[in-house]
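Report on the following structure.
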Amino acid sequence: LLAILLLANLANVTYFVVWSVMQLRVPGTGVGLAINLGALLVLILAGDLLPKLLARSRRIEFCRVVAPGLVVGMRVVGPVSGILERAVVEPLLRVLHPDRPKVEGSVTADELATLLELSAKAGEIEIDEQRLLGDVVGR
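Taken in order, the sequence shown gives residues -16 to 122; the numbers are from my numbering.
Next up, the structure:
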């Protein structure tokens, strides 16, 4: 997640730098303002809304198209992401969210997997549902 956020911020900063330089080269404040507003609209539509709508409506096709670029991006920012994770995120999480004592009555993953098996045998859930939920539980 951190790597994806780094890539998104890099894209946003690059976009605004390019459009700011373009605005500086255009004479007149009205035209420059129109360029910036247009750039902001394009960034919101093409960089935020369109990918989410495409991912929602055509999940598999979207993933097939986006995954190779995302893998390359993750390899590029992966080392920086790892350093930030260990140097900033983990210490902050330890401070902000220390380990809490285990709540009595909570269900372990093994207990949940056993409950899934029993529910499938009793016919409460379908075998495909049991497999899917078992994958979530880690069994």
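Cβ coordinates follow ideal geometry from the N, Cα and C atoms, glycine included.
Check: With distances taken Cα to Cα, identify the nearest neighbour of N(-5) among G88, D31, V90, A50.; Outcome: D31
Check: So, using beta-carbon positions, are Y(-2) and L26 closer together than 8 Å?; Outcome: yes
Check: Which parts of the stretch 33 to 75 are runs of the alpha helix (DSSP H), unbroken and 4 residues or longer, counting only runs that do not cross its ends?; Outcome: 33 to 40, 42 to 67
Check: Which value, in whole angstroms, describes the spacing of the CA atoms of V119 and A29?; Outcome: 33 Å
Check: Cutting at 6 Å between CB atoms, please list the residues of its own chain near R22, excluding the five before and the five after it.; Outcome: Sequence inspection shows Ala at residue 22; the Arg mentioned does not correspond to that position. Closer than 6 Å at Cβ, skipping near neighbours: W2.
Check: Return the Cβ separation of V72 and L(-15) in integer angstroms, given the expectation that the two are a contact with Cβ distance under 8 Å.; Outcome: 7 Å
Check: Go ahead and label S40 buried or exposed: buried means 16 or more other beta carbons lie within 10 angstroms of its beta carbon, across all protein chains shown.; Outcome: exposed
Check: According to the Cβ coordinates, are L(-10) and G65 closer than 8 Å?; Outcome: no
Check: Report yes if the C-beta distance between G117 and L99 is below 8 Å; otherwise report no.; Outcome: yes
Check: Alpha carbon to alpha carbon, how far is V54 from P34? Give it in angstroms, no decimals.; Outcome: 17 Å
Check: Write down the C-beta distance between G121 and A103 rounded to the nearest angstrom, noting that I regard them as a contact closer than 8 Å.; Outcome: In fact, because the Cβ distance is near 17 Å, the residues do not count as touching under 8 Å.
Check: In angstroms with no decimal places, state the Cα-to-Cα distance between V4 and G11.; Outcome: 14 Å
Check: Suppose the cutoff is 6 Å on Cβ atoms and the five residues either side in sequence are ignored; what does the same chain contact list for G15 look like?; Outcome: Q6, V9
Check: Please go through the same chain and pick out, in chain order, the residues whose beta-carbon is closer than 7 Å to the beta-carbon of L37, but skip the five residues on each side of it.; Outcome: F45
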